[in-house]
Amino acid sequence: MIQPFTPEPIRYVAEDGTPVQPLPARFTPELLRELHGLMLQAREFDRKLITLLRQGRTTFYAQSSGMEATQVGLARSIRVGHDWVWPYYRDHTLGLAMGVPMFELISQCLGTNSDTCRGRQMPHHFAAQAQNFVSISSSIASQVPPAAGNAMAQKYLGVDEITVCTFGDGATSEGDWHAGLNMAGAAQAPALFVCENNQWAISTSIREQTASETIHIKAKAYGMPGYYVDGNDIVAVMEVMTAVAEGVRAGQGPALVECLTYRVGSHSNADADAEKHYRTREEVEEWLGRDPISRVEKLLEKLGHPVSAEERAEIIARTHREVDEQVLRAEATGQPDWRIIFEDVYADVPDHLRQQEAFLRAEQSGGPA
Amino acid sequence: MTATQDRQEQGAVGRTRTINLIQAVTEAIAEEMERDNRVVLFGEDVGARGGVFMATAGLQERFGKHRVFDTPLSEASIVGAAVGMAVRGLRPIAEIQFADYMGPGFDQIISQAAKIRYRSAGQFTAPMVIRTPSGGGVKGGHHHSQSPESYYTHTPGLKVVMPSTPYDAKGLLKAALRGEDPVIYFEPKRLYRAAKGEVPDHDYVVKLGEAAIRREGDDLSLIGYGGVMPDLEKAADALAAEGVSVEVIDLRSLVPWDRDRVLTSVQKTGRAVLVSEAPRISNFMGEVAYVIQEQAFDSLTAPVGQVAGFDTPYPYVQDKVYLPGPNRIVAACVQALNY
Ligand SMILES: Cc1ncc(C[n+]2csc(CCOP(=O)(O)OP(=O)(O)O)c2C)c(N)n1
Chain A
77 MIQPFTPEPI
87 RYVAEDGTPV
97 QPLPARFTPE
107 LLRELHGLML
117 QAREFDRKLI
127 TLLRQGRTTF
137 YAQSSGMEAT
147 QVGLARSIRV
157 GHDWVWPYYR
167 DHTLGLAMGV
177 PMFELISQCL
187 GTNSDTCRGR
197 QMPHHFAAQA
207 QNFVSISSSI
217 ASQVPPAAGN
227 AMAQKYLGVD
237 EITVCTFGDG
247 ATSEGDWHAG
257 LNMAGAAQAP
267 ALFVCENNQW
277 AISTSIREQT
287 ASETIHIKAK
297 AYGMPGYYVD
307 GNDIVAVMEV
317 MTAVAEGVRA
327 GQGPALVECL
337 TYRVGSHSNA
347 DADAEKHYRT
357 REEVEEWLGR
367 DPISRVEKLL
377 EKLGHPVSAE
387 ERAEIIARTH
397 REVDEQVLRA
407 EATGQPDWRI
417 IFEDVYADVP
427 DHLRQQEAFL
437 RAEQSGGPA
Chain B
29 MTATQDRQEQ
39 GAVGRTRTIN
49 LIQAVTEAIA
59 EEMERDNRVV
69 LFGEDVGARG
79 GVFMATAGLQ
89 ERFGKHRVFD
99 TPLSEASIVG
109 AAVGMAVRGL
119 RPIAEIQFAD
129 YMGPGFDQII
139 SQAAKIRYRS
149 AGQFTAPMVI
159 RTPSGGGVKG
169 GHHHSQSPES
179 YYTHTPGLKV
189 VMPSTPYDAK
199 GLLKAALRGE
209 DPVIYFEPKR
219 LYRAAKGEVP
229 DHDYVVKLGE
239 AAIRREGDDL
249 SLIGYGGVMP
259 DLEKAADALA
269 AEGVSVEVID
279 LRSLVPWDRD
289 RVLTSVQKTG
299 RAVLVSEAPR
309 ISNFMGEVAY
319 VIQEQAFDSL
329 TAPVGQVAGF
339 DTPYPYVQDK
349 VYLPGPNRIV
359 AACVQALNY
């Protein structure tokens, strides 16, 4: 039994890699290495995508560096392709770890013809049907009430799926967030709400965001358990998340998990100078010291199964190679043409849209408007 | 005010400086905060960060955290709190980070801000300004490019403004802050740095509800507001090269809007083309077109033309095709001229 409402975040591994409580048996060196590989891949994906941004090949990117344990841990705690996920825009690491092909993620970021969402949304707003990874909305917390509804449908249909809904700390201030949790609580729907508390909403710190001591205690008001987890400790994230997810699946009602983590980079490319404006270098350094990837490396070393420098370099090189390849592959598919403006607005296209489409076709082919 | 009057007025009173539209917004806020200590400014990231577009840069340093502050991430809280503050005697400026995110604050805008004067017979009022960047052309996809002004022009009790020049941006914001009504003040984000122009050194306001005639002409009235205005100018240039004399009108305010200036112009030219980038159905320009046909029907020599956004969500790729550019505007004008 995992304890809800603990005053301190639940953790298994300290910053220096020492286990602070017995490691659950499933965390074999093999599993830990696999998780480490996924986290490192995600970090390098960030690095490469920022390069693409600098090259002007994409126009927006929101890093998840520093938050890998939270997202990878969550991905590995649910039944991918069976459970449903309502993510937010910083969740590409969650997507990668759930097995969304890198080609799809990159195509979306580049808005190429290979984008399964056809270039409609700004970069970094994925959707992946095979993984039940529902389309991301930029509008903060707007995914929370629909996630509650998704879970209500699962209960109605009597399926053993659960609904996962993720969001940042800032999102918990929106009315939609409260409406969604309250609804799920009242309906006792199988929803797992996950706060990726990276402590900043652009330039607003969690202390300015809410007078509440933590996010997870807000669960109390909605009649569900709230769990507080060290979001940079992948063992803790997976242990708690798996147990909570299975409880939700077993019909115990919704739950909220707060993963305390940190975004070490900027909010997005529109905010490249975070430290100049609103936060201190010391704070960033402090959190770099709690890095989720090096924590696993230190743990593996203590367990006598260190990740060698060559293995590390291999993962990095492979990721860089793969990103480069997928970028070229995606770019080769070209840009969607003007027709994407009109498709998928409605299931049955009304007359006025047909007329507007005809107008644009004439204009684009240089004919009479 | 005509283009000539505009220049004369500025020339007559003294010195001017050239600034861009976002600087005009910042200056208007700073000067009004200086003038009136009831003015407070808040929203997401407006403080230390200075706003995501830097419209409020330096203001927290200058006026203190009690007058310029960051809020929790909740538009309902921001707008609702502004209403409460205004009722209690402050002059709040609430920034909504993108017009696309007014959604969560919509109920507070239409149920509280817009109606408190009417339902209390003036016992309680909410003089306040909601500032927000709007419109496309910045590669933002639908969540950072929409033009939602018609939701608000459709709500009695709200005034709705959208400048396209630094002069107007400053003068209209000051007027909005000195008025007694809630004002939705849309800032066309693609003009933030692109629109440069002169503003006088002295204090001035631009009255809400007066259109500006950007250039005078005899053959056709080309009417728009906000982010599309530079395209209207380009279209007018292109038509001038063909010998067509176009009158270009910038509405500046949508509620209230300048029926007189528009009707006078159309009565002179006999043709009107209306331009906005918002989707066409229930577009505010539909109201302008209606009034033109109702009040100036006898003067019209061609149907009123309209260039608008398509009735689709704003796309990320092909966003330039979505926007009505100069070519589409010229084509609509040619159609009206050849009718
Ligand atoms: C309704 C709404 N308001 C404002 C914004 C602009 N905005 C984008 S991200 C962001 C901060 C979000 O912070 P948080 O929820 O903590 O997530 P994080 O980015 O820190 O992961 C804001 C204010 C938005 N996208 N949606």
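Residue numbers (the numbering used here), protein chains in the order written: chain A, 77 to 445; chain B, 29 to 367.
Ideal placement from N, C-alpha and C gives every residue a C-beta, glycine not left out.
Computed from a predicted structure; not experimentally measured.
Original post:
How is G302 (chain A) classed by DSSP in three states: helix, strand or coil?
Top reply: On the first sequence, residue 302 (chain A) is found 226 positions in, with the first residue counted as 1. Here G302 (chain A) sits in strand by DSSP.
**OP:** Tell me where the alpha helix (DSSP H) around F121 (chain A) begins and ends.
**Re:** The residue you call residue 121 (chain A) lines up with position 45 of the first sequence. Taken as a continuous stretch (DSSP letters only), the alpha helix (DSSP H) holding F121 (chain A) covers P105 to R130.
Original post:
Can you list the alpha helix (DSSP H) stretches of 4 or more residues lying completely in the region 82-155 of chain B, in chain order?
Top reply: As for any alpha helix (DSSP H) of minimum length 4 sitting wholly inside the region 82-155 of chain B, the runs are 87-91, 103-115 and 144-147, ordered along the chain.
**OP:** Could you tell me whether the Cβ of F243 (chain A) comes closer than 8 angstroms to any Cβ of chain B?
**Re:** One-based indexing of the first sequence puts residue 243 (chain A) at position 167. Not one beta carbon of chain B lies nearer than 8 angstroms to the beta carbon of F243 (chain A).
Original post:
What does a CB cutoff of less than 7 angstroms around A151 (chain A) pick up in its chain, not counting 5 residues either side in sequence?
Top reply: Locating residue 151 (chain A) in the first sequence gives position 75, where the first residue counts as 1. Counting only Cβ-Cβ distances below 7 angstroms, and skipping sequence neighbours, we find L170, A173 and M174.
Original post:
Do we get a CB-CB distance below 8 angstroms when we pair H353 (chain A) with the residues of chain B?
Top reply: Working through the first sequence from its first residue, we reach residue 353 (chain A) at position 277. Judged by the 8 angstroms Cβ criterion, H353 (chain A) is in contact with chain B.
Original post:
For M130 (chain B), which of B:L87, B:S178 and B:Q88 has the nearest alpha-carbon?
Top reply: Residue 130 (chain B) sits at position 102 when you count from the first residue of the second sequence. Among B:L87, B:S178 and B:Q88, the Cα nearest to that of M130 (chain B) belongs to B:S178.
Subject >> Identity of the residue in A:G307, A:A262 and A:S218 nearest K231 (chain A) by Cα >> reply: Within the first sequence, residue 231 (chain A) is the residue found at index 155, counting from 1. Here the closest residue by C-alpha is A:A262.
**OP:** Within 10 angstroms of the Cβ of N65 (chain B), are there 16 or more other Cβ atoms? Answer buried if so, exposed if not.
**Re:** Along the second sequence, one-based indexing puts residue 65 (chain B) at 37. N65 (chain B) is exposed by the Cβ-count criterion.
**OP:** Please check the pair Y303 (chain A) and V316 (chain A), which I expect to be a contact at CB under 8 angstroms, by giving their CB distance rounded to whole angstroms.
**Re:** As a first step, residue 303 (chain A) is located in the first sequence; it is residue number 227 there, counting from the start. As a first step, residue 316 (chain A) is located in the first sequence; it is residue number 240 there, counting from the start. Correct: roughly 5 angstroms between the Cβ atoms.
**OP:** Indicate whether at least one CB of chain A lies closer than 8 angstroms to the CB of G42 (chain B).
**Re:** Position 14 of the second sequence, counting from 1, holds the residue named residue 42 (chain B). Chain A, which has no Cβ nearer than 8 angstroms to the Cβ of G42 (chain B), makes this no.
**OP:** Kindly identify the DSSP beta-bridge partner or partners of P228 (chain B).
**Re:** Looking up residue 228 (chain B) in the second sequence gives position 200. Beta-bridge pairing links P228 (chain B) to B:T44.
Subject >> Any C-beta of chain B under 8 angstroms from that of A393 (chain A) >> reply: Counted from its first residue, the first sequence places residue 393 (chain A) at position 317. No, A393 (chain A) does not count as interfacial toward chain B.
Subject >> Enclosing alpha helix (DSSP H) for L379 (chain A) [first to last residue] >> reply: Within the first sequence, the letter at position 303 stands for residue 379 (chain A). Unbroken run through L379 (chain A): none, as it is neither H nor E.
Subject >> Residues within the region 226-254 of chain A neighbouring chain B, beta-carbon criterion of under 7 angstroms >> reply: When C-beta distances to chain B are compared with 7 angstroms, the residues of the region 226-254 of chain A below that value are G246, A247, S249, E250, G251 and D252, in chain order.
**OP:** State the Cα-Cα distance for the pair A79 (chain B) and A438 (chain A), rounded to the nearest angstrom.
**Re:** Here the question's residue 79 (chain B) lines up with position 51 in the second sequence. Here the question's residue 438 (chain A) lines up with position 362 in the first sequence. The sequence given here places Gly at residue 79 (chain B); Ala does not occur at that position. Computed Cα separation, rounded: 42 angstroms.
**OP:** Please decide whether M259 (chain A) counts as near chain B, where near means a Cβ-Cβ distance under 8 angstroms.
**Re:** On the first sequence, position 183 is the one that residue 259 (chain A) refers to. Not a single CB atom of chain B sits nearer than 8 angstroms to the CB of M259 (chain A).
**OP:** Compile a chain-ordered list of the residues in the region 134-154 of chain A whose CB is closer than 7 angstroms to at least one CB of chain B.
**Re:** In summary, the residues of the region 134-154 of chain A whose CB is separated from some CB of chain B by less than 7 angstroms are T135, in the order they occur in the chain.
**OP:** Tell me, please, whether the CB atom of H94 (chain B) is closer than 8 angstroms to any CB atom in chain A?
**Re:** Position 66 of the second sequence, counted from the first residue, corresponds to residue 94 (chain B). For H94 (chain B), not one C-beta of chain A is nearer than 8 angstroms to its own C-beta.
Original post:
Which class does N65 (chain B) belong to by DSSP, given the choice of helix, strand or coil?
Top reply: Taking the first residue of the second sequence as 1, we reach residue 65 (chain B) at position 37. N65 (chain B): coil per DSSP, three-state reduction.
**OP:** Evaluate V220 (chain A) with the Cβ neighbour count: other Cβ atoms within 10 Å of its Cβ, from every protein chain shown; 16 or more gives buried, anything less gives exposed.
**Re:** Sequence index remark: in the first sequence, residue 220 (chain A) carries index 144 (1-based). In this structure V220 (chain A) is buried. Its beta-carbon is surrounded by 16 or more other beta-carbon atoms within 10 angstroms.
Subject >> Chain-ordered chain A contacts of F338 (chain B) [CB-CB under 8 angstroms] >> reply: Position 310 of the second sequence, counted from the start, is the residue given in the question as residue 338 (chain B). By Cβ distance, chain A contributes I417, F418, L429, Q432 and L436.
Original post:
Who does A240 (chain B) pair with in a DSSP beta bridge?
Top reply: As a position in the second sequence, residue 240 (chain B) is number 212, starting the count at 1. B:D278, per the DSSP bridge assignment.
**OP:** Provide the residue span of the beta strand (DSSP E) that contains C271 (chain A), from first to last.
**Re:** Along the first sequence, one-based indexing puts residue 271 (chain A) at 195. Taken as a continuous stretch (DSSP letters only), the beta strand (DSSP E) holding C271 (chain A) covers A267 to N273.
**OP:** May I ask which residues mark the beginning and end of the beta strand (DSSP E) holding Q334 (chain B)?
**Re:** Position 306 of the second sequence, counting from 1, holds the residue named residue 334 (chain B). Counting along the chain, the beta strand (DSSP E) containing Q334 (chain B) begins and ends at G333 to G337.
**OP:** Check the Cβ of V421 (chain A) against every Cβ in chain B and list those closer than 8 angstroms, keeping chain order.
**Re:** The residue you call residue 421 (chain A) lines up with position 345 of the first sequence. Counting only Cβ-Cβ distances below 8 angstroms, V421 (chain A) has contacts in chain B at D339, T340 and P341, in chain order.
**OP:** Could you say if the region 136-155 of chain A and the region 83-95 of chain A meet the contact criterion of at least three C-beta pairs nearer than 8 angstroms?
**Re:** Taking a cut-off of 8 angstroms for Cβ pairs, the region 136-155 of chain A and the region 83-95 of chain A do not touch, as fewer than three such pairs fall below it.
**OP:** Starting from L332 (chain A), follow the beta strand (DSSP E) in both directions and report where the run begins and ends.
**Re:** If you number the first sequence from 1, residue 332 (chain A) lands on position 256. Per DSSP, L332 (chain A) belongs to the beta strand (DSSP E) from A331 to L336.
Subject >> Own chain residues within Cβ distance below 8 angstroms of I391 (chain A), not counting five before or after >> reply: Here residue 391 (chain A) refers to the residue found at position 315 when the first sequence is read from its first residue. Cβ within range, chain order: G113, L116, Q117 and E120.
**OP:** Enumerate in chain order the residues of its own chain whose CB-to-CB distance from K378 (chain A) is below 7 angstroms, with the five nearest sequence positions on each side excluded.
**Re:** Taking the first residue of the first sequence as 1, we reach residue 378 (chain A) at position 302. If we look at K378 (chain A) and ignore the five residues flanking it on each side, its Cβ neighbours are G93 and T94.
Original post:
So, are the CB atoms of A229 (chain A) and P330 (chain A) less than 8 angstroms apart?
Top reply: Here residue 229 (chain A) corresponds to residue number 153 of the first sequence, with the count starting at 1. Here residue 330 (chain A) corresponds to residue number 254 of the first sequence, with the count starting at 1. Contact: no.
Subject >> Contact set between P412 (chain A) and chain B, taken where Cβ atoms lie within less than 8 angstroms >> reply: Residue 412 (chain A) sits at position 336 when you count from the first residue of the first sequence. Near P412 (chain A) (Cβ distances below 8 angstroms), the residues of chain B are V345 and Q346.
**OP:** Using three-state DSSP, classify T160 (chain B) as helix, strand or coil.
**Re:** If you number the second sequence from 1, residue 160 (chain B) lands on position 132. In this structure, DSSP gives T160 (chain B) an extended state, which the three-state scheme calls strand.
Subject >> K187 (chain B) in three-state terms, based on DSSP >> reply: To locate residue 187 (chain B), count along the second sequence from 1; it is residue 159. In the structure shown, K187 (chain B) sits in a strand (DSSP, three-state: E or B).
Subject >> Among A:A423, A:R357 and A:P222, nearest to N258 (chain A) - alpha-carbon criterion >> reply: Within the first sequence, residue 258 (chain A) is the residue found at index 182, counting from 1. In this structure, A:P222 is the residue among A:A423, A:R357 and A:P222 with its C-alpha nearest to the C-alpha of N258 (chain A).
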